[in-house]
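Going line by line, the protein sequences match chains A and B. Numbered by my numbering, the letters in the first sequence go through residues 1 to 472 in order. Numbered by my numbering, the letters in the second sequence go through residues 473 to 944 in order. Even glycine gets a Cβ: it sits at the ideal position worked out from N, Cα and C. Working notes for the structure below.
There are 2 protein chains.
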Amino acid sequence: MSDTQLTLIDEVRTRFGPRAAITDPADVEPWLTDWRGRFHGSARAILSPSSTEEVSAIVKLAGEHRVPLVPQGGNTSMVGGATPPGDGSALILSLRRMNRLRTISAQHNVAIVEAGMILQQLHEQAAAVGRRFPLTLGSRGSCTVGGLISTNAGGTQVLRFGTMRSLVAGLEAVLPDGSIHSGLSGLKKDNRGYSLDQLLVGAEGTLGIVTAAALRLVPAVYSRAVGWAGVGDPQAALALLRDFEAKTDRIEGFELIPADSLELVLRHIPGTRNPLDGEHKWNVLIEATSSAPGFDPVELLQSLLAGAIGDKLVEDAMVASSESQAEALWRIRDSISEAERTDGPSTAHDISVAVADMPTFLLEAKAAVERAFPGTIASAFGHLGDGNLHFHVRAGSRSMPGWNQREGHEIERFVDDLVTAAGGSISAEHGIGQMKRGELERLAAPGDLAALRAIKNALDPHGLMNPGKLVG
Amino acid sequence: MSDTQLTLIDEVRTRFGPRAAITDPADVEPWLTDWRGRFHGSARAILSPSSTEEVSAIVKLAGEHRVPLVPQGGNTSMVGGATPPGDGSALILSLRRMNRLRTISAQHNVAIVEAGMILQQLHEQAAAVGRRFPLTLGSRGSCTVGGLISTNAGGTQVLRFGTMRSLVAGLEAVLPDGSIHSGLSGLKKDNRGYSLDQLLVGAEGTLGIVTAAALRLVPAVYSRAVGWAGVGDPQAALALLRDFEAKTDRIEGFELIPADSLELVLRHIPGTRNPLDGEHKWNVLIEATSSAPGFDPVELLQSLLAGAIGDKLVEDAMVASSESQAEALWRIRDSISEAERTDGPSTAHDISVAVADMPTFLLEAKAAVERAFPGTIASAFGHLGDGNLHFHVRAGSRSMPGWNQREGHEIERFVDDLVTAAGGSISAEHGIGQMKRGELERLAAPGDLAALRAIKNALDPHGLMNPGKLVG
């Protein structure tokens, strides 16, 4: 194994220069562990090509020498998706040198960027031509376009513009045999068989290496309105969202927050205050935007909320009157996880169900968890319009050292069972990676799992693409 | 072969009743030829299950007996995609009895329907709850949901709402091993590996049988405006579209029509007249809609067109002042093919290029074809905003008996070469079926083609799903 790896590294260096293969342990080390420090791997080198042709050559060489490759962008996977195996059998293939903007067109609302471009740079490139790339998430300063595509990333703006899948107009990728798939024309209509682009989105680098993408841009935000409403139950919150959607397509954020999450934030996060005078069992944070001066989202949101109060859908509501007030509302939402951590150990579950099922599911799942693990406190908040829950279970009175490693895992399986029984997904946003392979195998429909494996084996018969991830 | 087919037919009859296997030649015969009469096949029976479980059982039985199945909906394929092989080796699997509406929700904008539902029924079901299923095409009275999904159908409303792919929220399908893939929850966020739903869209029944789908609905049309504008060249037409898109998202139709197509319609189709006083080298037909009374699309379109005349993007324009005038404008567009047929033999090419490339491509392709085949007249019209051309070549002075069968085929290959060189697609809407298998093999990137074949062989190792289509 070592000898073939050395031969491969030498060939890459000879053909593509010293920067194309990093072997100094001090330079390799930081990329062997995932950003949360949960997964640790081993690799002798990071291969770092600067062009699609170099990626193609490396994949071909790796195929000849049977050396597995672990593609890596910003190394921000939540499921160990970019961490190499521990036995040193694989090399890392970093896309970070391939970070160029190839073309951008405001007129056609499309940017063609390489896989290693960092999301924040993409935001800046789009802004520079008066447009917006609407997907965003916490790791925007590190995560790369290739990783976002390979994990079909979501985030907070999915309600209006969809996940990464719907923002990809076309892909360029190196397939496991080293051939280059060129889909950057971004054809709106193309029916030449199975869509390789769609297959590569969310494939976690196990079917090939995404090297570039044609991405959709949308109008820049001219102004926004952020509001807060108290409602009686999740069903009312969903009815409110559907009511708004029937009247406008300007709603970009719609976050559900239970009373106990709000209470935790107010207790643990300095400088926060309840946006409304009274207490409400459930709250929603709503954001509406405009892309042009002619239309005022504040007026829109005020009028929508006033109507909803009249219809008894909403108990009380307010709309931020300044940008700093708007930020304060978002700060409450964004501080929930931190407040929970301050409160003691908890588990976090990245799950989704059908949007229509979400109100019932989150109440029933909370009750089921608290019944099965008396003393725990389950709470769900998050993207109501996406059916995507941040379902967290706090240890509560069961808290003890090592709770997360022991009962936490039991609770994970319990929640995964509940969401599977409800027809939902055990991985809404993060993918499978290393972390959820066991749960995927345990819970996926056997026929679906067999199909995923058949696809993997067909396209990557030697198992060289991101080994140990997903079904590899 | 015959014996195993008989055994299979008997088993299906015994288990699912006489209606589940049609063998009377008079009943089978109409489904052995495609609707245009170009492809002829042979089959001893039409299997006609009434439920997903029956489809699953039939696929398992067919697997055991190694009998290929040709799934069929409305039999409206343009490329022989639903016609069985001529040697009688396969049976037809009709989905037409599975035509139920399972659920529909105006609130959640989703309908779950079985594969055999006819598109027009789906339109009616959506309208009955105050919603719209926005995809439509000429065969709407016959084509079925399963076929629309399996061909990733397009049509005239793609500009705003996308092709079938973007209207599918989730699928139920029977995979080649008989297992049932259940994706009808329609999860908005789901990252459990490769998307089988997305793989089945456009797979032409070669990877399994779509049995039901969760489909997105959109607001019903409250009123529409249809306008006509004369422009100097296709580049101006595209600039006009981009100008409008930057100002509104209400544009649903944007069709490009060259002067010679308009002239043919005016000459051959009774009752048609030029919508404008003068002649223009190129014309565009524009449709804008509203979904609520508060907003008048006629005013919007008038104001957009007035601005465009001021900006010199448009030479002259009008907006229909009545629904009958609006229909008269669409009639011009919809009569182009008929007018061309009246004028003599012609070829039709279902091709696409990137939207931004379309103006240049259509001018250059026209010139190239007319240079290579002197005397022919090439013209392109169609969905400018989709990069989807109806590129037609009329025989002109080269017309002679059998022109279509001889020179027509040469021209097809010539046009396919041009579109491939431009990074476009030889099948924008219709799929590959039987008709374009040779061209796909000749022109697809070898690595892509190998990947398509590997997927096909992995999921359907015995080649029993729609044999002879796509890469099967």
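Check: Hey, A:Pro219 and A:Ser291: beta-carbon distance below 8 angstroms or not?
Finding: Indexing the first sequence from 1 puts residue 219 of chain A at position 219. Indexing the first sequence from 1 puts residue 291 of chain A at position 291. Closer than 8 angstroms, so yes.
Next item on the list: Could you tell me which residues DSSP puts in a beta bridge with A:Gly253?
Entry: Here residue 253 of chain A refers to the residue found at position 253 when the first sequence is read from its first residue. Beta-bridge pairing links A:Gly253 to A:Glu287.
Check: Would you call A:Glu53 buried or exposed, if buried means 16 or more other Cβ atoms sit within 10 Å of its Cβ?
Finding: Taking the first sequence and counting its residues from 1, the one referred to as residue 53 of chain A is at position 53. Its Cβ having fewer than 16 others within 10 Å, A:Glu53 is exposed.
Note to self: Quick check on B:Ser796: buried or exposed, where buried means 16 or more other Cβ atoms within 10 Å of its Cβ?
What the structure shows: As a position in the second sequence, residue 796 of chain B is number 324, starting the count at 1. B:Ser796 is exposed by the Cβ-count criterion.
Note to self: Within 8 angstroms of any Cβ in chain B, is that where the Cβ of A:Ala428 sits?
What the structure shows: Residue numbering aside, residue 428 of chain A sits at position 428 when the first sequence is read from its first letter. Answer yes: the Cβ-Cβ gap between A:Ala428 and chain B drops below 8 angstroms somewhere.
Next item on the list: Counting only runs of 3+ residues fully inside the segment 383-432 of chain A, write out the beta strand (DSSP E) ranges in chain order.
Entry: 388-394
Next item on the list: Excluding the 5 residues preceding and the 5 following A:His349 in the sequence, name in chain order all residues of the same chain whose CB lies nearer than 6 angstroms to its CB.
Entry: In the first sequence, residue 349 of chain A corresponds to position 349, counting from 1. Same-chain partners within the cutoff: Phe391, Val415.
Next item on the list: Report the option in B:Thr892, B:Lys928, B:His855 whose CA atom is closest to the CA atom of B:Thr635.
Entry: Residue numbering aside, residue 635 of chain B sits at position 163 when the second sequence is read from its first letter. Answer by Cα proximity: B:His855.
Check: Just to confirm, are B:Ala641 and B:Ala686 a CB contact at a threshold of 8 angstroms?
Finding: Working through the second sequence from its first residue, we reach residue 641 of chain B at position 169. Working through the second sequence from its first residue, we reach residue 686 of chain B at position 214. Cβ atoms of B:Ala641 and B:Ala686: closer than 8 angstroms.
Check: In chain A, what lies closer than 7 angstroms to B:Asp506 by C-beta?
Finding: What you label residue 506 of chain B is simply residue 34 of the second sequence in a count that begins at 1. Per Cβ cutoff of 7 angstroms: no residues; B:Asp506 is ~17 angstroms from chain A at best.
Check: Near B:Val551, what residues of its chain come up, given a Cβ to Cβ distance below 7 angstroms and the 5 sequence neighbours on each side ignored?
Finding: Translated into positions along the second sequence, residue 551 of chain B becomes position 79. Cβ within range, chain order: His902, Gly903, Ile904, Gly905, Gln906, Met907, Lys908.
Notebook entry, point to check: Hey, out of A:Ala212, A:Leu148, A:Thr144, A:Leu91, whose CA is closest to A:His65's CA?
Noted result: By one-based count along the first sequence, residue 65 of chain A stands at place 65. Among A:Ala212, A:Leu148, A:Thr144, A:Leu91, the Cα nearest to that of A:His65 belongs to A:Leu91.
Checklist line | Helix, strand or coil at B:Met473 according to DSSP, with G and I counted as helix | finding: Here residue 473 of chain B refers to the residue found at position 1 when the second sequence is read from its first residue. Its pLDDT being 48, under 50, B:Met473 is placed unreliably by the model, and the measurement read from it follows with that caveat. Note: B:Met473 maps to coil in three-state DSSP.
Next item on the list: Determine the closest residue to A:Ser335 out of A:Met358, A:Leu313, A:Glu263, with distance taken between C-alpha atoms.
Entry: Along the first sequence, one-based indexing puts residue 335 of chain A at 335. Among A:Met358, A:Leu313, A:Glu263, the Cα nearest to that of A:Ser335 is on A:Glu263.
Next item on the list: Give the residues of chain B in contact with A:Ser179, contact being defined as C-beta atoms less than 9 angstroms apart.
Entry: As a position in the first sequence, residue 179 of chain A is number 179, starting the count at 1. Near A:Ser179 (Cβ distances below 9 angstroms), the residues of chain B are Ala917, Pro918, Gly919, Asp920, Ala922, Ala923.
Next item on the list: On a CA-only basis, which of A:Pro258, A:Ala458, A:Ile58, A:Glu441 is nearest A:Val67? Give me that one, please.
Entry: Translated into the one-based positions of the first sequence, residue 67 of chain A becomes position 67. Considering only alpha carbons, the answer is A:Ile58.
Next item on the list: State the Cα-Cα distance for the pair B:Arg491 and B:Ala583, rounded to the nearest angstrom.
Entry: The sequence position of residue 491 of chain B within the second sequence is 19, counting from 1. The sequence position of residue 583 of chain B within the second sequence is 111, counting from 1. Distance between the alpha carbons of B:Arg491 and B:Ala583: 27 angstroms.
Notebook entry, point to check: Near B:Arg637, which residues of its chain fall below 6 angstroms by C-beta distance, leaving aside the five closest residues on each side in sequence?
Noted result: Along the second sequence, read from residue 1 onward, the residue named residue 637 of chain B stands at position 165. Here the set comprises Asn624, Val673.
Notebook entry, point to check: Any idea if B:His934 is buried or exposed, counting beta-carbon neighbours within 10 angstroms, 16 or more meaning buried?
Noted result: As a first step, residue 934 of chain B is located in the second sequence; it is residue number 462 there, counting from the start. Classification of B:His934: exposed, given that the 10 Å Cβ count is below 16.
Check: Which one of A:Ile209, A:Ala127, A:Glu338 has the shortest CA to CA distance from A:Pro49?
Finding: Here residue 49 of chain A refers to the residue found at position 49 of the first sequence. Per the Cα distances, A:Ile209.
Item checked: Separation of A:Thr376 from A:Met1, as counted between CA atoms -> One-based indexing of the first sequence puts residue 1 of chain A at position 1. One-based indexing of the first sequence puts residue 376 of chain A at position 376. Interpretation of A:Met1 is limited by its pLDDT of 48, a score under 50 that renders its predicted location unreliable; the figure taken from the coordinates is listed afterwards. One C-alpha to the other measures close to 48 angstroms.
Check: Roughly how many angstroms lie between the CA atoms of B:Ser715 and B:Lys753, to the nearest whole one?
Finding: As a working note, residue 715 of chain B is residue 243 in the second sequence. As a working note, residue 753 of chain B is residue 281 in the second sequence. Correcting the residue type first, residue 715 of chain B is Asp in the shown sequence and not Ser. Straight-line Cα distance between these residues: approximately 20 angstroms.
Item checked: Neighbouring residues, chain E, relative to A:Tyr222 (Cβ below 9 angstroms) -> Absent here is chain E; the protein component of the structure consists of chains A and B.
Next item on the list: Below 8 angstroms CB to CB, which residues in the same chain sit around B:Met830 once its five sequence neighbours on both sides are set aside?
Entry: Residue 830 of chain B sits at position 358 when you count from the first residue of the second sequence. Here the set comprises Pro706, Leu710, Leu856, Gly859, Leu861.
Check: Exposed or buried, what is A:Arg371 when buried is set at 16 or more other beta-carbons lying within 10 Å of its beta-carbon?
Finding: One-based indexing of the first sequence puts residue 371 of chain A at position 371. Label assigned to A:Arg371: exposed.
Next item on the list: Look up A:Gln72 in the DSSP assignment and give the residues it is bridged to.
Entry: Position 72 of the first sequence holds residue 72 of chain A. According to DSSP, which records beta bridges pairwise, A:Gln72 is partnered with A:Ser94.
Check: Of all the residues that make up the segment 601-628 of chain B, which are near chain A by a beta-carbon distance shorter than 7 angstroms?
Finding: Thr623, Asn624, Gly626
Check: Can the beta-carbon of B:Ser667 be found less than 8 angstroms from the beta-carbon of A:Asn191?
Finding: On the second sequence, residue 667 of chain B is found 195 positions in, with the first residue counted as 1. On the first sequence, residue 191 of chain A is found 191 positions in, with the first residue counted as 1. It is not a contact, given that the beta carbons lie outside the stated cut-off.
Check: Can the beta-carbon of B:Gly702 be found less than 8 angstroms from the beta-carbon of B:Val786?
Finding: Here residue 702 of chain B is taken as the residue at index 230 of the second sequence, counted from 1. Here residue 786 of chain B is taken as the residue at index 314 of the second sequence, counted from 1. The answer is yes: Cβ separation under 8 angstroms.
Checklist line | Burial state of B:Asp559, where buried means 16 or more other Cβ atoms lie within 10 Å | finding: Position 87 of the second sequence holds residue 559 of chain B. Classification for B:Asp559: exposed.
Next item on the list: Output yes or no for whether 8 angstroms exceeds the beta carbon distance between A:Leu32 and A:Thr206.
Entry: Taking the first residue of the first sequence as position 1, residue 32 of chain A is located at position 32. Taking the first residue of the first sequence as position 1, residue 206 of chain A is located at position 206. It is not a contact, given that the beta carbons lie outside the stated cut-off.
Check: Pick from A:Gly37, A:Lys60, A:Pro30, A:Thr23: whose alpha carbon is nearest that of A:Ala45?
Finding: Indexing the first sequence from 1 puts residue 45 of chain A at position 45. Closest option to A:Ala45, Cα to Cα, is A:Thr23.
Margin query: Bridge partners for B:Val698 per DSSP, in chain order?
Written below: What you label residue 698 of chain B is simply residue 226 of the second sequence in a count that begins at 1. Per DSSP, B:Glu759.
Item checked: Minimum Cβ-Cβ distance from A:His108 to chain B less than 8 angstroms -> For the purposes of this step, residue 108 of chain A is identified with residue 108 of the first sequence, where counting begins at 1. Yes, contact with chain B.
Next item on the list: Could you list which residues in chain A have their beta carbon closer than 7 angstroms to that of B:Ser809, in chain order?
Entry: Against the second sequence, residue 809 of chain B aligns to sequence position 337. Those do not exist, as B:Ser809 stays about 18 angstroms from chain A at its closest Cβ, beyond 7 angstroms.
Next item on the list: Could you confirm whether any beta carbon from chain A is found closer than 8 angstroms to the beta carbon of B:Leu594?
Entry: Position 122 of the second sequence, counting from 1, holds the residue named residue 594 of chain B. Not an interface residue.
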